[in-house]
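Enquirer: Here you go, one structure.
The structure is reproduced here in structure tokens:
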């Protein structure tokens, strides 16, 4: 009687949990992610104890854990996810909290159902920038050990091929380990029936990655070239602006200098004119000393000539007059008059 009640209670619990799982899956498919993830998280937390206590089958347990892993990965791409929640989720994945609980349940990682392992590592490689970062060596080594272990187990699980394909065609090529992928394809019995096709697939993946890398290099090179050209244009523009400013400054200075020179020229003219008269006076005195005998007889004539010269000097540009020649002409004129 007690066994019947226990079985009935277990069946009711299983049906209730399965019903909740189906509802969570339906919400997820219909993109009602918030409600779906909330319900799935509850099922995940209860799932371990329910499975241990026999309330749910392993098949349902696998479905619940797999859906939770998938939705955890999707949550990282949701725009409404807060930074704190996102950081907490990433840290939980890095610490492999789900995997540790599963190992505690199954004892070893390679004994964990392959469907769960497949979804777990698909989550990591799909978010490698957030989870792995630059250091991925430990991840590759860990998967290498896992591959060796699971490959020795049952071969009839459909997720065995999916997990190894993920490792060979996705994870290893992501980190340029194409040689390791080729070795596995050539040696693993899973690929023996269609060896050439799988090798061709790997070659295509390699070529596709190289094409993307070349395109990215070209894009970066063009970007750098464009940035360099823009920088050179900016420098040239700056130089032209500085040159224009310097020319404007020089023009202003030249105008100021010219204006200053023109303004000061009238003030300098009287001093220059006085100096020229003084020089003429000295030369005339010298001539007077030489020709004093002639001046005795012709003093009046010479005086008239000198007065005429001084009178006309106001209209003469002294900068163009050769004073020495003028003095000679004056003396000659005086002697000619004296002779006549």
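Numbering (our numbering), first residue to last: 1079 to 1418.
Beta carbons: idealized from backbone N, C-alpha and C, even for Gly.
This structure is a prediction, so every number in the text was calculated from the model and none was measured.
1) In chain order, what residues of the same chain have a beta carbon less than 7 angstroms from the beta carbon of residue 1224, not counting five sequence neighbours either side?
2) Using the Cα positions of residue 1103 and residue 1114, report the straight-line distance between them to the nearest angstrom.
3) Does the structure place the segment 1166-1186 close enough to the segment 1198-1210 that three or more beta carbon pairs sit under 8 angstroms?
4) Considering only their Cβ atoms, is the gap separating residue 1257 from residue 1242 smaller than 8 angstroms?
5) I need the DSSP call for residue 1111, collapsed to helix, strand or coil.
6) Taking its Cβ as the centre, do 16 or more other Cβ atoms sit within 10 Å of residue 1190, making it buried, or is it exposed?
7) Compute the Euclidean distance between the alpha carbons of residue 1262 and residue 1291, then round it to the nearest angstrom.
8) Go through its chain and collect everything with a Cβ distance to residue 1250's Cβ below 6 angstroms, but skip five positions before and after it.
9) Residue 1128: buried (16+ other C-beta within 10 angstroms of its C-beta) or exposed?
10) Buried or exposed for residue 1221, going by 16 or more other Cβ atoms inside 10 Å?
11) Helix, strand or coil: which one does DSSP assign to residue 1252?
12) Can you find the residues in the same chain that come closer than 6 angstroms, C-beta to C-beta, to residue 1091, ignoring five residues on each side of it along the sequence?
13) Flag this pair as yes or no: are the beta carbons of residue 1099 and residue 1141 separated by less than 8 angstroms?
14) With 16 other CB atoms within 10 Å as the buried threshold, where does residue 1276 fall?
15) What's the C-alpha gap between residue 1312 and residue 1299?
16) Whose CA, out of 1131, 1139 and 1286, lies closest to the CA of residue 1119?
17) Only counting the same chain, and skipping five residues up and downstream in sequence, which positions put a Cβ closer than 7 angstroms to that of residue 1093?
18) Indicate the three-state DSSP secondary structure (helix, strand or coil) for residue 1186 in the structure shown.
19) Under 6 angstroms Cβ to Cβ from residue 1226, same chain only, skipping five residues before and after it: list those, please.
20) In the DSSP assignment, find the alpha helix (DSSP H) that holds residue 1170 and state where it starts and stops.
21) For residue 1237 versus residue 1192, is the C-beta spacing smaller than 8 angstroms?
22) Do you know whose CA, among 1109, 1332, 1326 and 1247, lies nearest residue 1285's CA?
23) Report the option in 1096, 1110 and 1279 whose CA atom is closest to the CA atom of residue 1125.
24) Answer with buried or exposed for residue 1273, where buried requires no fewer than 16 other C-beta atoms within 10 angstroms of its C-beta.
25) Excluding the 5 residues preceding and the 5 following residue 1143 in the sequence, name in chain order all residues of the same chain whose CB lies nearer than 6 angstroms to its CB.
26) Would a C-beta distance cut-off of 8 angstroms place residue 1199 and residue 1240 closer than the cut-off?
27) Quick check: what's the CA-CA separation for residue 1116 versus residue 1109?
28) Taking 8 angstroms as the threshold (C-beta atoms), are residue 1176 and residue 1147 in contact?
29) Count the other CB atoms within 10 Å of the CB of residue 1234; is the residue buried (16 or more) or exposed (fewer)?
30) Buried or exposed: residue 1358, going by 16 or more other Cβ atoms within 10 Å of its Cβ?
31) Return helix, strand or coil for residue 1094, following the three-state DSSP convention.
Expert: By the coordinates alone:
1) Counting from 1 along the chain shown, the entry for residue 1224 is found at position 146. Taken in chain order, the residues that qualify are 1187 and 1188.
2) Start at 1 with the first residue of the chain shown, and residue 1103 comes out as number 25. Start at 1 with the first residue of the chain shown, and residue 1114 comes out as number 36. Their Cα atoms are separated by approximately 7 angstroms.
3) yes
4) Looking up residue 1242 in the chain shown gives position 164. Looking up residue 1257 in the chain shown gives position 179. No.
5) Taking the chain shown and counting its residues from 1, one reaches residue 1111 at position 33. In this structure, residue 1111 counts as helix in the three-state DSSP scheme.
6) One-based indexing of the chain shown puts residue 1190 at position 112. Residue 1190 is buried by the Cβ-count criterion.
7) Translated into positions along the chain shown, residue 1262 becomes position 184. Translated into positions along the chain shown, residue 1291 becomes position 213. Each residue's Cα considered, the two are about 25 angstroms apart.
8) To locate residue 1250, count along the chain shown from 1; it is residue 172. Excluding residues within five positions, the ones whose Cβ falls inside 6 angstroms are 1258 and 1259.
9) Locating residue 1128 in the chain shown gives position 50, where the first residue counts as 1. Flag for residue 1128 reads buried.
10) Locating residue 1221 in the chain shown gives position 143, where the first residue counts as 1. Buried.
11) Working through the chain shown from its first residue, we reach residue 1252 at position 174. Correct three-state label for residue 1252: helix.
12) Translated into the one-based positions of the chain shown, residue 1091 becomes position 13. Answer for residue 1091: 1133, listed in chain order.
13) Within the chain shown, the letter at position 21 stands for residue 1099. Within the chain shown, the letter at position 63 stands for residue 1141. Yes; because the gap between Cβ atoms is below 8 angstroms, this pair is in contact.
14) Taking the chain shown and counting its residues from 1, the one referred to as residue 1276 is at position 198. Classification of residue 1276: buried, given that the 10 Å Cβ count is 16 or more.
15) As a first step, residue 1312 must be located in the chain shown, where it is residue number 234. As a first step, residue 1299 must be located in the chain shown, where it is residue number 221. The alpha-carbon atoms of residue 1312 and residue 1299 are separated by roughly 20 angstroms.
16) Residue mapping note: residue 1119 aligns to position 41 of the chain shown, counting from 1. Of the listed residues, the one whose Cα sits closest to residue 1119 is 1139.
17) Within the chain shown, numbered from 1, the residue matching residue 1093 stands at position 15. Excluding positions up to five away in sequence, the list is empty.
18) Against the chain shown, residue 1186 aligns to sequence position 108. Looking at residue 1186 - three-state DSSP - the assignment turns out to be coil, as it is neither helix nor strand.
19) Locating residue 1226 in the chain shown gives position 148, counting from the first residue. Nothing listed; no residue qualifies.
20) Indexing the chain shown from 1 puts residue 1170 at position 92. Taken as a continuous stretch (DSSP letters only), the alpha helix (DSSP H) holding residue 1170 covers 1161-1172.
21) Taking the chain shown and counting its residues from 1, one reaches residue 1237 at position 159. Taking the chain shown and counting its residues from 1, one reaches residue 1192 at position 114. Yes, the Cβ-Cβ distance between residue 1237 and residue 1192 is below 8 angstroms.
22) Position 207 of the chain shown, counted from the start, is the residue given in the question as residue 1285. Per the Cα distances, 1247.
23) Translated into the one-based positions of the chain shown, residue 1125 becomes position 47. Ranking 1096, 1110 and 1279 by Cα distance to residue 1125 puts 1096 first.
24) On the chain shown, position 195 is the one that residue 1273 refers to. It counts as exposed.
25) Counting from 1 along the chain shown, the entry for residue 1143 is found at position 65. For residue 1143, where only same-chain residues beyond five positions count, the Cβ hits under 6 angstroms are 1194.
26) Here residue 1199 corresponds to residue number 121 of the chain shown, with the count starting at 1. Here residue 1240 corresponds to residue number 162 of the chain shown, with the count starting at 1. No, the Cβ-Cβ distance between residue 1199 and residue 1240 is not below 8 angstroms.
27) Within the chain shown, residue 1116 is the residue found at index 38, counting from 1. Within the chain shown, residue 1109 is the residue found at index 31, counting from 1. In a straight line, the C-alpha of residue 1116 is about 13 angstroms away from that of residue 1109.
28) Taking the first residue of the chain shown as position 1, residue 1147 is located at position 69. Taking the first residue of the chain shown as position 1, residue 1176 is located at position 98. Yes, these two residues count as a Cβ contact at 8 angstroms.
29) The sequence position of residue 1234 within the chain shown is 156, counting from 1. By the neighbour-count rule (16 or more Cβ atoms within 10 Å), residue 1234 is not buried but exposed.
30) Position 280 of the chain shown, counted from the start, is the residue given in the question as residue 1358. The residue in question, residue 1358, is buried, as its Cβ has 16 or more Cβ neighbours within 10 Å.
31) For the purposes of this step, residue 1094 is identified with residue 16 of the chain shown, where counting begins at 1. Looking at residue 1094 - three-state DSSP - the assignment turns out to be helix.
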